[in-house]
Each structure stands twice: as C-alpha cells, then as structure tokens.
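Using the numbering used here, the first residue of the sequence shown is number 5, and each one after it goes up by one. We treat Cβ as the ideally placed atom computed from N, Cα and C, and that holds for glycine. These numbers come from a predicted model, not from an experiment.
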Amino acid sequence: MGARADRVELTAAAEDLVRRLAALNGPVMFHQSGGCCDGSSPMCYPRGEFTVGASDVLLGRVAGDTPFWMSADQYAYWRHTHLTVDVVAGRGSGFSLEAPEGVRFLIRSRLLTDEEIDRLAQEPPLPRGGH
5 MGARADRVEL
15 TAAAEDLVRR
25 LAALNGPVMF
35 HQSGGCCDGS
45 SPMCYPRGEF
55 TVGASDVLLG
65 RVAGDTPFWM
75 SADQYAYWRH
85 THLTVDVVAG
95 RGSGFSLEAP
105 EGVRFLIRSR
115 LLTDEEIDRL
125 AQEPPLPRGG
135 H
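Dropping the structure here:
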C-alpha cells in the first residue's frame, strides 16, 4: 500500500530546531499528552528518557526518524486532525529540550479532509507503545 498518510509534520523552523537539539542531545522524540504541565504542547525529550505507555499512539516520524507519540486520551480528541509542529518565541516547559533556547514547540492543527479520512480508514491501526 505504500507509506502511511501523514498525520504530523514540522515547519522548517521546528525541523531546524529538532536537528540542533538532536546534535546536542543525541536522538530525540516527541510526546504530547494533553496533561497538566504545558497543556497540549508537544514535549521533546532525549529518546529513551521518556517511557512510552502501552496505550500511547505513534502518529509518525518527523525530521527523519524522530518519533512523535501522543497519549491515547489526547489522540481520541485529535484523531480527525493533521498536526503541524511549529516553534515560537517564549518559555515552554522546563522538561522539554527546547526550553533553554527561549522558544517552545506548539501545535497547529487542521481537520483532515474527507479524502485523508478515507485513506486512513484503509490503513492498519497506528502502532502503540510497547509493540
């Protein structure tokens, strides 16, 4: 069937920042929980320093091979959207790798088109953590 439909992508500025963070910290990953610390801001961690839960959903890979995970609860709300990770000036979470840079990642979203929804319906379920 070919490659999966894209559910998440980075702006050029976000991709540049991810590459710089990976050069400083080694391979990185994103996780978006919709939790308390930064609401629904995507968090960037050194890969392997955040434990992905069995119900977390792998939305895709960005900036080459950087996994982008989302909690199942958050995915239930956002499953009909395409996400674009951007970077803006301002302080984000102290837990996310970009915090010392004086910037933060944020999500811009749009509803999936009918064509995208039809294509996604024909794909296997998204991978879950622990699989």
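- Just measuring C-alpha positions, the residue of 75, 93 and 101 sitting nearest residue 133 is 75.
- For residue 16, the three-state secondary structure derived from DSSP is helix.
- Looking at 54, 119 and 60, the one whose alpha-carbon comes closest to that of residue 73 is 60.
- When the Cα atoms are used, residue 8 and residue 81 turn out to be separated by approximately 20 angstroms.
- Taking residue 23 as reference, the option from 95, 113, 91 and 87 with the minimal CA-CA separation is 91.
- Membership of residue 87 in any alpha helix (DSSP H) is not indicated; the residue belongs instead to the beta strand (DSSP E) covering 85 to 93.
- Counting C-beta atoms within 10 angstroms of its own C-beta, residue 53 has fewer than 16 neighbours from the protein chains shown and is therefore classed as exposed.
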